[in-house]
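Asker: My questions will all concern the structure given below.
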Amino acid sequence: MAERTHERVSGFDPDMAGRVAECDGGHAVMGTHFAGREEFTGTLTGEYVDHGDPPWRWYLLGDLTRRPDEYTHDTVWCESGNLFVVDTRDRTD
Amino acid sequence: MSGDPLHTKLCDMLGIEFPVIAFTHCKDVAVAVINGGGFAVLGEAMHTPEDIEADVRWIRDRVEGRPFGIDLVLPSSVPPAGSVEELMSNIPDTHRAFAQEIKERYDVPDPKGQVDLHQWGGLNQELARAQLDVLLEERVPVIASGLGSPAFMLDAAHERGIKVFGLVGKARQAKRQLEAGVDAIIAQGYDAAGHTGNVGTLSIVAEVAAMAGDTPIIAAGGITTGRHLAASLCLGASGVWTGTLWLACRESDVDMIIKERILESTVDDTTFSTSISGMTMRVLRCPWTEEWAKPEAPAPLQAPYQMLLSSDYIQGANDNRRADLMTEAAGQGVSFVTSMKPAKQILFDMVEEALDTFDGICGDG
C-alpha cells in the first residue's frame with residue numbers, strides 16, 4: 112500500500128488575529144475507543160495550518176483564560192469547525 | 231395507530247428497516263445488525279489507515295450491498311506537538327507514586343506486552359487525516375465524526391456519494407454543522423458511555439431537533455430499550471445511536487469478564503471519572519476509579535498525562551484478565567442490558583417494545 116501523506120500549509124489570517132474565541136475541543140483518548148472533550152477560551156494568534164485537500168483548517172489559540180485543569184501548554188490548536196469567535200468586534204448594535 | 235411510527239426519514243435516507251444504529255467496535259456485531267434491518271457504524275478511531283481499509287472491505291463482503299458507516303474521532307483541539315517521552319517526563323512524582331500505590335495495593339500485574347503509547351489515534355491531525363482519506367477513497371456509505379466538526383470534508387464526501395454524520399454535545403455545535411450541510415446530526419447526551427458533554431439526552435435531543443428542519447437527528451446517550459427508542463422519536467429524533475446495548479451480545483468480541491459485568495451492572499455501577507484519561511468519562515467502577523475519587527488522592531492530570539499514567543493499570547488488568555480490576559465504558563442505560571442475546575434478537579426486541587410503547591400511548595386503533 113502506498114504511504115499516505117498530505118500537504119501541510121501554514122499561514123497567517125490577520126482577520127482572525129486578536130479575536131477572542133471558544134473552542135469546543137477534544138480528541139481521541141489514547142488506548143481507548145473513546146473521545147474526550149475539553150473546552151478552551153483564549154485569543155487567536157492568527158496562525159493557521161491547513162492539512163490536506165480539501166483543507167482541514169486549524170487555528171492557534173493563545174492567552175488562554177479557560178482551559179482544563181492541569182493543561183500545561185500556553186496554546187492549543189483548534190479545528191475551525193469547533194471554534195466559536197465570541198468577541199463583539201464586528202457587531203454594530 | 232395508523233402508519234409505522236418506526237419508519238422515519240432516517241430509514242428512507244439509509245434504506246434501512248429500523249431506525250436503530252449500533253455503534254460498535256466489533257465487525258461481527260455491525261454485520262449482524264445491518265443484516266437484521268438496522269444500521270451499524272464501526273468505530274475505527276484507534277486503527278491504522280491500513281486496518282481501516284481492510285475492515286471496510288471485510289464488512290462490504292458480508293452485507294450484500296447494504297449501507298454501513300465508519301466512525302472516526304476527528305480531533306477538535308490538540309496541544310502543541312510533543313513526543314510521548316517528553317509528555318511522560320511531565321508527570322509529577324506525586325502522581326507516579328499514587329499510581330504505584332494502587333498497583334501494589336491491588337496486586338495489579340504488569341502488562342504482558344509493551345503498552346503502545348505511540349498509537350495516538352485521532353489525537354493528532356496527521357493520523358486522523360490519513361484515516362479519513364481511506365474512507366474517502368473507499369467511498370464508505372456513511373462517515374460519522376465522533377467529535378470534531380466534519381464540515382471541511384462535506385463536499386469531498388458528497389462528490390463520492392458518501393453521507394456525513396456529525397456527533398454533537400451542544401446545540402451550537404449542531405447549528406454550525408447544520409449550516410455546513412451535514413446529512414444527519416447525532417445529538418449525544420450526558421447519559422452516554424465514555425466521554426460526553428454535560429447536557430442530558432432529553433434536553434440535547436429536543437433542542438437540536440427543534441433547529442434541524444429536514445435533517446435527521448439521531449438520539450444518543452443511555453438508549454438501551456424500545457421505550458428509549460419510542461421516547462427519542464417523540465422528542466423529534468429520527469433514530470437512535472446505541473453503544474452499551476451491544477457490548478454483551480453474543481457476537482461481541484468484548485472479553486467475557488466484561489460481558490458478565492455489563493449484565494450485572496446497574497447505573498450505580500458506572501462512574502463519571504477523570505481518572506482514566508484526564509477527561510470526564512463514564513465507565514464501570516474499578517479500583518483505579520475508586521482510589522482516584524478518594525479525598526486524599528491527587529487531582530487527576532489533564533489528558534493525555536492521566537492516560538499515560540493509567541495505561542499500565544488498564545493494560546495490566548486486561549492482559550491478565552483480572553475481573554476485579556477491569557473496566558469498560560458503559561452508559562447509564564446499562565441497567566437494561568441483562569441477557570446475552572444475538573444482536574439481531576436485541577434489535578428485534580427493541581423494535582417490538584417500541585411499537586408496544588406507541589400502541590400503549592396511542593391505542594391499537
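First to last, the sequence lines map onto chains U and F.
Numbering-wise (this note's numbering), the first sequence opens with residue 112 and increments by one.
Numbering-wise (this note's numbering), the second sequence opens with residue 231 and increments by one.
Just so it is clear, CB atoms sit at the ideal spot from N, CA and C, and this is done for glycine as well.
Quick caveat, the model's predicted, so the values are computed rather than measured.
#1: Which residue from A410/F, V308/F, I321/F puts its Cα closest to that of H388/F?
#2: Does any residue of chain F bring its CB to less than 9 Å from the CB of R168/U?
#3: Which one of G343/F, E481/F, E280/F has the shortest CA to CA distance from A360/F?
#4: Quick one: is E490/F buried, meaning 16 or more other Cβ sit within 10 Å of its Cβ, or exposed?
#5: Using a C-beta to C-beta distance shorter than 9 Å, which residues of chain U count as neighbours of Q562/F?
#6: Could you have a look at T324/F and say whether DSSP puts it in helix, strand or coil?
#7: Give a yes or no on whether the minimum CB-CB distance between T431/F and chain U is below 9 Å.
#8: Is the Cβ-Cβ distance between S565/F and S503/F less than 9 Å?
#9: Can you name the residues of chain U whose CB is closer than 8 Å to the CB of S388/F?
#10: Tell me which residue opens and which closes the beta strand (DSSP E) that F195/U is part of.
#11: Which of the residues in the segment 368-388 of chain F, read from start to end, lie with their CB under 7 Å from any CB of chain U?
#12: What are the uninterrupted segments assigned as beta strand (DSSP E) that are 3 or more residues long and contained completely in the segment 450-490 of chain F, given in chain order?
#13: Verify the contact flag: D234/F, CB atom, against every heavy atom of the ligand MN, threshold strictly below 8 Å.
#14: Could you check whether the Cβ of S306/F sits closer than 9 Å to any Cβ belonging to chain U?
#15: Using only the alpha-carbon positions, how far apart do L317/F and D124/U sit?
#16: Taking G427/F as the query, report the chain U residues whose CB atoms sit under 8 Å from its CB, ordered along the chain.
#17: Does DSSP put S495/F in a helix, in a strand, or in coil?
#18: Can you check which of these residues, L514/F, M511/F, C479/F, V497/F, is closest to A597/F by C-alpha distance?
#19: Expressed to the nearest angstrom, what Euclidean distance is found between the alpha-carbon atoms of A414/F and I576/F?
#20: Name the chain F residues whose beta carbon is nearer than 7 Å to that of D180/U?
#21: Can you list the residues of chain U that N320/F reaches, using a CB-CB cut of under 9 Å?
#22: Tell me whether Q185/F is buried or exposed, calling it buried when 16 or more other Cβ atoms sit within 10 Å of its Cβ.
#23: What do you reckon, are the CB atoms on A381/F and G399/F nearer than 9 Å?
#24: What is the DSSP secondary structure of N274/F, reduced to helix, strand or coil?
#25: By the criterion of Cβ-Cβ separation under 8 Å, what are the contact partners of P275/U in chain F?
#26: If you measure beta-carbon to beta-carbon, which residues of the segment 189-200 of chain U are closer than 8 Å to chain F?
#27: Thinking just about the alpha-carbon of each residue, which of G266/F, I246/F, L244/F, G273/F is nearest to the one in G473/F?
#28: For G129/U, return the contacting residues in chain F, with the cut-off set at a CB-CB distance below 8 Å.
#29: Counting contacts by CB-CB distance shorter than 9 Å, is D124/U in contact with chain F?
Answerer: Concretely, from the data shown:
#1: A410/F
#2: yes
#3: E280/F
#4: exposed
#5: Those within 9 Å of Q562/F in chain U number zero; the least Cβ separation is about 16 Å.
#6: helix
#7: no
#8: no
#9: Residue identity differs from the one stated: residue 388/F is His in this sequence, not Ser. Neighbours of H388/F on chain U: none; closest Cβ ~11 Å, over 8 Å.
#10: 194-196
#11: G376, L377, G378, S379, A381, F382, M383, D385, A386
#12: 469-472
#13: Although the ligand MN was asked about, the structure shown includes no ligands whatsoever.
#14: Interface with chain U (9 Å Cβ-Cβ cutoff): S306/F is included.
#15: Their backbone Cα atoms lie some 30 Å apart in a straight line.
#16: R148
#17: coil
#18: In the structure as shown, chain F begins at 231 and stops at 595. Residue 597/F is therefore absent and cannot be evaluated.
#19: 24 Å
#20: Neighbours of D180/U on chain F, chain order: A529, Q532.
#21: T183
#22: Past the boundaries of the shown model lies residue 185/F; chain F is included only from 231 to 595, so the question cannot be answered.
#23: no
#24: Strictly speaking, residue 274/F in this sequence is Glu, with Asn absent from that position. If DSSP states are grouped into helix, strand and coil, E274/F belongs with coil.
#25: No statement about residue 275/U is possible, as the shown extent of chain U runs from 112 to 204 and does not include it.
#26: C189, E190, S191, G192, N193, F195
#27: G273/F
#28: Going along chain F, no residue has its Cβ under 8 Å from G129/U, so there is no contact; the nearest lies around 20 Å.
#29: So, not an interface residue.
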